[in-house]
Amino acid sequence: MWRILLCFYWFIQFDLAFAQVNSNATPVADRAANLIEAGQAFLQKRDYVKALKNFEQAKPLLEQQNDEYRLGRLLKQIGDLYSARSYFRQSAEHYRDAILLLRKTGQQELVGDCLESLANINVNFGYSAQAITNYTRALAVKDRLNDTKGMLQCHVMLSKLYFSDKNYELALSHNREAQKLAGKDWATETNAAIQDVVILTFLNKIGEAEQALKKAKTLVAKQNNPSSSIKLYSAMANLCLAKKDKACAKLYVDSAKVLLQGSQNPELAVEALSQMAEIHKNNEDYKAAFEAMLWMDRYKDVFRTENIERISAEINEAAGAALREKEIESLNLANRLNESQLSKEKQVRMALLRESLLKDSAYANQARFLAALENESRLREGQLKREKELSQSLSRENALKQQLLNDERRNRNLLFLGLAAMGLLGAVIYLQYRKQHSNNGIIRKQSDELAVLNREIHHRVKNNLQVISSMLDLQSQSLQDANAKGVIKEAILRVQAMAFIHQNLYQDEAVSTVNMNEYIQILSDHLFKTYNINTNKIQLYTQIESLKLHTDTAIPLGMILNELISNALKYAFKNREEGAIWVILKKNNQELLLQVKDDGVGLPQHFQLENTSSFGYEVIQAMAQKLRARMNIESCNGTDVQLLISKFKTTN
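Numbering (my numbering), first residue to last: 43 to 694.
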């Protein structure tokens with residue numbers, strides 16, 4: 043008995059050791075998930091140090107798994123933690139790494155958040171240009187996602203940065219976009235309306251500033267906000283200075299000071315004083331700006347003291363929570379000890395139970411042996427019975443063999459008849475095949491002759507178009523009017539664009555197919571040479587899918603490309619030596635996307651496509667209508683023309 047108990051004891055110890063080994067072999071992905079979950083728990087308890095430690099341990103595990111989706115999100119969260127602890131350099135590095143992975147995995151919303159956080163860090167360090175770049179990129183992402191709140195914040199910050207750089211036109215543009223997006227956010231709309239007054243004043247648009255002032259007064263009157271009132275008085279004082287009414291300006295400045303002395307909200311007072319200091323600085327009233335900054339430092343000290351008291355209370359609360367956690371851990375340890383004792387007792391009971399099961403198993407084996415003996419006697423009786431049945435089945439089998447022989451003779455005769463019929467049918471099929479093969483040869487010969495004829499036609503059309511182009515060029519040399527020469531030059535380019543298509547057709551094997559990649563390269567090289575463009579300074583970037591389009595689609599598409607690239611080369615880089623042009627052609631769902639954009643000067647401010655008298659845009663509209671294309675033109679950081687073509691033919 044004691045030997046059996048000893049065996050069961052070692053068996054149980056082996057099971058426990060095996061379970062422990064399996065627990066240590068947890069997959070890397072599970073360990074990373076556990077570390078991230080633990081970090082989130084510490085983050086909720088505001089224990090940032092432990093949260094950051096867990097996240098940093100999870101990062102190499104996700105890199106090992108090449109899990110770019112979760113790694114991008116984790117890097118953003120680590121960047122947020124470093125930013126919260128004011129480690130801005132480490133925060134910026136993690137945000138930049140996160141942007142690459144988030145953009146690669148399509149998490150655009152988090153890309154926008156990272157760009158906005160990077161811009162905030164740039165503002166803290168005084169890097170105005172980098173902050174503007176990152177806010178602009180964040181704005182583009184949030185615009186695509188239709189994130190109204192994010193777009194509003196980006197426009198507000200861009201307006202402030204451009205205002206600080208004295209770029210008042212762009213500051214006004216972003217400020218007005220912020221007013222449009224404010225909606226029911228009365229505080230933001232009020233601040234934007236007041237800022238409108240300030241910017242228009244610095245632009246010396248006094249009449250518009252006074253109109254904006256009426257709206258700002260109405261919005262401030264609806265709210266009981268001392269900060270808004272202080273900002274409004276500052277804006278009114280600035281407007282009085284612009285009108286050279288110093289007495290009126292002093293009156294509004296004194297009114298703002300009275301409100302500041304009674305302000306109970308240091309944060310709002312700091313914001314209002316910051317605007318006053320900025321206005322005085324732009325007016326070159328450095329004494330008043332310095333005085334406003336002294337007031338602002340005084341309120342910052344108050345705000346800082348309140349924050350210190352709040353932070354100390356949070357630290358005390360966190361310390362109490364940590365003490366409670368230690369007490370809970372000690373209770374959990376005691377519970378685990380009790381559970382271990384219960385587990386040992388359970389193992390002893392299991393050993394006794396297994397001993398009784400072994401005894402029951404021995405009795406059951408004896409019963410099965412007796413049943414096997416009885417079964418053997420029954421099998422013998424059954425064997426004798428099967429032998430009798432076997433003799434009867436042999437006699438039946440002989441009768442069946444005779445019947446099968448007769449059936450085989452009949453089937454052999456039928457087979458010979460079938461083979462003869464198949465031979466006759468094969469002869470008929472062979473004759474038909476020979477006849478069809480002859481017909482196919484005639485058809486192939488006619489097809490080859492037709493292909494050669496089509497290539498010859500396209501070659502001659504291309505040569506005729508070249509002749510027309512040369513005649514127009516000779517005609518232009520005899521003209522004295524520069525406008526007439528320009529018109530003929532544009533006509534030559536349009537004829538040449540069509541000639542390149544016919545050149546592509548007779549050079550390719552398929553006579554009705556145009557290789558768009560080769561065609562666009564030839565067309566763009568010709569336009570660059572025609573306008574004497576230095577390709578080292580004005581660069582062309584193409585993103586063309588491997589498309590072969592039918593001539594019905596390629597010809598109007600070539601005319602549109604000729605007009606758009608020519609316009610970019612003629613107008614986009616005036617007074618500039620360097621720039622870039624992008625040409626994109628690809629399938630987009632069931633449509634064909636053609637996009638030509640540049641980083642040049644952009645379209646005129648009040649440009650409207652329906653009101654233009656340009657023959658080039660008339661050609662573009664006519665060709666777009668033929669292709670049933672929707673055209674969209676944007677002028678932000680250059681000109682961006684996009685056509686979504688629904689009627690097109692491919693021969694891929």
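Note that CB positions come from ideal geometry on N, CA and C, so glycine has one too.
Within the same chain, show all residues whose beta-carbon is closer than 7 Å to that of residue i, passing over the 5 residues directly before and after it, in chain order.
i, result
"Lys616", "Val643"
"Ala254", "Ala235, Asp238, Val239, Leu242"
"Ala80", "Asn96"
"Lys668", "Pro598"
"Gln581", "Ala622"
"Asp185", "Met193"
Closer than 8 Å by C-beta to residue i: which residues in its own chain qualify, once you throw out the five before and the five after it? Chain order, please.
i, result
"Glu351", "With a pLDDT of 47 at Glu351, under the threshold of 50, the predicted position of this residue should be treated as unreliable, though the coordinate-derived value follows. The answer is none, since no qualifying residue turns up."
"Asp227", "Leu194"
"Ala533", "Leu514"
"Lys292", "Ala279"
"Ile562", "Thr584, Ile586, Leu603, Val625, Leu627"
"Ala126", "Tyr90"
For residue i, which residues in the same chain have their Cβ closer than 6 Å to its Cβ, ignoring the five residues on either side in sequence?
i, result
"Val198", "Ala220"
"Ala224", "Thr230, Glu231"
"Ile602", "Ile662, Met665"
"Thr584", "Val625"
"Cys156", "Lys118, Tyr137, Ala140, Ile141"
"Val295", "Ala279"
"Leu634", "Ile687, Phe690"
"Val683", "Leu606, Val638, Ile675"
Rounded to whole angstroms, what's the CA-CA distance from residue i to residue j? Just pull it up for me.
i, j, result
"Cys282", "Lys257", "17 Å"
"Met513", "Ala610", "26 Å"
"Leu395", "Leu412", "27 Å"
"Ala614", "Ile607", "10 Å"
"Arg672", "Leu77", "50 Å"
"Asn209", "Glu560", "44 Å"
"Leu447", "Tyr472", "37 Å"
"Phe649", "Glu660", "15 Å"
"Thr555", "Thr692", "8 Å"
"Ala409", "Asn417", "12 Å"
"Val470", "Leu456", "22 Å"
"Ser177", "His592", "In the sequence on display, residue 177 carries Tyr and not Ser. The alpha-carbon atoms of Tyr177 and His592 are separated by roughly 44 Å."
"Asn578", "Glu620", "8 Å"
"Asn674", "Gly680", "14 Å"
"Phe458", "Gln445", "21 Å"
"Tyr573", "Leu181", "36 Å"
"Lys401", "Gln389", "19 Å"
"Arg88", "Ile120", "14 Å"
"Ser382", "Thr190", "57 Å"
"Gln647", "Tyr124", "43 Å"
"Leu187", "Gly148", "12 Å"
"Gln99", "Leu85", "15 Å"
"Tyr405", "Ser398", "11 Å"
Quick one: what's residue i bridged to in DSSP?
i, result
"Thr555", "His592"
"Gln581", "Ala622"
"Thr692", "Leu591"
"Gln684", "Gln637, Asn674"
"Ile586", "Leu627"
Less than 9 Å between the C-beta atoms of residue i and residue j, yes or no?
i, j, result
"Leu274", "Lys259", "yes"
"Lys118", "Leu94", "no"
"Gln632", "Ser688", "yes"
"Ala14", "Arg112", "Because residue 14 is not part of the residues shown, which for the chain are 43 to 694, the question remains open."
"Leu144", "Gln150", "yes"
"Ile575", "Met558", "no"
"Ala134", "Leu116", "no"
"Leu636", "Ser677", "no"
"Ala298", "Ser276", "yes"
"Leu200", "Leu214", "no"
"Lys527", "Leu535", "no"
"Gln107", "Ala71", "yes"
"Lys146", "Glu105", "no"
"Leu569", "Gly600", "no"
"Ile248", "Lys285", "yes"
For residue i, would you say it is in contact with chain C, using Cβ-to-Cβ distances shorter than 9 Å as the test?
i, result
"Lys256", "Checking the listed chains, one finds no chain C in this structure; it contains a single protein chain."
Inset, instruction - Starting from the N-terminal side, write out each stretch of the beta strand (DSSP E) that is 3 residues or longer and does not extend beyond the region 251 to 304. - result: none
Legend entry - Ordered list of beta strand (DSSP E) runs contained in the region 389 to 414, each at least 3 residues: none
Legend entry - 4-residue-minimum alpha helix (DSSP H) runs that sit fully inside the region 123 to 181, ordered along the chain: 130 to 146, 150 to 167
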